[in-house]
Amino acid sequence: MPVNKEACLQLKNELGLKHITLVAVSKTKPVEDIQALYDLGQRDFGENYVQELAEKARVLPNDIRWHFIGHLQTNKVKVIVPFVQLIHGVDSLKLLKEISKEAVKAGRVVQCLLQVHIAQEETKFGLNENELETVLDASHELPGIEICGLMGMASFSNDVTLVRGEFRQLKQIAERLQKRPGTPGAPWILSMGMSGDYQLAIEEGSTMVRIGSLLFGERDKK
Ligand SMILES: *Cc1c(COP(=O)(O)O)cnc(C)c1O
């Protein structure tokens with residue numbers, strides 16, 4: 077399936093009016109498709125695999141803002157830290173410490189989102205509320221990183237009430253955490269919503285959506 081330029085322009089328009097960031101999720105898609113959306117003005121792209129991201133970043137324009145949205149292993153952190161714009165899926169203090177260490181080496185401050193477990197499904201990664209508090213409080217002592225908000229994935233379900241409830245829960249957790257002493261006052265990023273549920277996510281307060289198949293077509297199963 078070819079890349080859907082029409083959908084990209086429409087989404088950029090719709091989201092731009094609401095000041096919501098569109099992250100175009102390009103995992104498994106060729107660089108030509110990414111270039112096609114870049115040529116329409118899209119600059120934020122999301123990838124799930126470290127090696128794939130590094131290879132694409134090498135050949136594509138260097139003003140692309142690369143978002144890492146996959147599950148990041150500590151031993152791969154150093155590959156992306158020198159250039160990544162935002163790491164969405166921080167789900168342990170161990171991982172955050174590794175990002176901090178590599179960021180200091182690279183002379184950068186790397187922006188991170190903590191991943192929250194909101195879905196019913198057992199398999200989705202993420203922190204619970206206690207763990208979030210622990211990691212957030214510990215983050216104040218770590219150089220080279222900045223916690224800019226939260227990321228979550230709702231259940232893969234047609235149950236609108238369920239999905240809406242999970243997004244609402246994420247928003248409420250963000251509001252509670254932001255009141256903790258030492259948390260910077262800047263508005264937090266709420267990275268929630270994908271092709272199938274982004275409208276619900278926006279209604280519930282999303283500030284950043286991660287959209288793949290709507291822009292690039294369905295992915296082949298890996
Ligand atoms: C693949 C992926 C997306 C995009 O999913 P679509 O349903 O294709 O829009 C968003 N977020 C994460 C974390 C992903 O892994």
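Convert by adding 76 to the 1-based position in the sequence shown; the result is the number in the working numbering. Every residue gets a Cβ at the ideal spot worked out from N, C-alpha and C, and that includes glycine.
**Asked** DSSP state of Asp-120, grouped into three classes?
**Response** strand
Review point. Less than 8 angstroms between the CB of Gly-202 and some heavy atom of ligand 1, yes or no?
Key: No, ligand 1 has no heavy atom inside 8 angstroms of this Cβ.
- Query: Within 10 angstroms of its Cβ, does Phe-232 collect 16 or more other Cβ (buried), or is it exposed?
  - Reply: The residue is exposed, with fewer than 16 neighbouring Cβ atoms inside 10 Å.
message: I'd like the list of long-range same chain contacts for Val-186, defined as Cβ closer than 7 angstroms, with 5 residues on each side in sequence excluded.
response: Val-157, Val-160, Ile-163, Ile-175, Ala-179, Gly-220, Ile-221
Excluding five sequence neighbours on each side, which residues of the same chain lie with their C-beta closer than 6 angstroms to the C-beta of Lys-105?
Sequence-distant partners of Lys-105 (beyond 5 residues in either direction) whose C-beta falls short of 6 angstroms from its own C-beta, in its chain, are Phe-292.
Backbone CA spacing between Leu-290 and Asn-80 [nearest angstrom]
7 angstroms
Looking at Leu-87 and Ile-265, is the spacing between their C-beta atoms short of 9 angstroms? no
- May I ask you to report which of helix, strand or coil DSSP gives Leu-93? helix
Review point. Pick from Ala-277, Val-101, Lys-170: whose alpha carbon is nearest that of Ala-214?
Key: Lys-170
| Going along the chain, which residues of its own chain have a beta-carbon closer than 6 angstroms to the beta-carbon of Gln-245, five neighbours each way excluded? | Ile-194
On the three-state DSSP scale, how would you describe Phe-159?
coil
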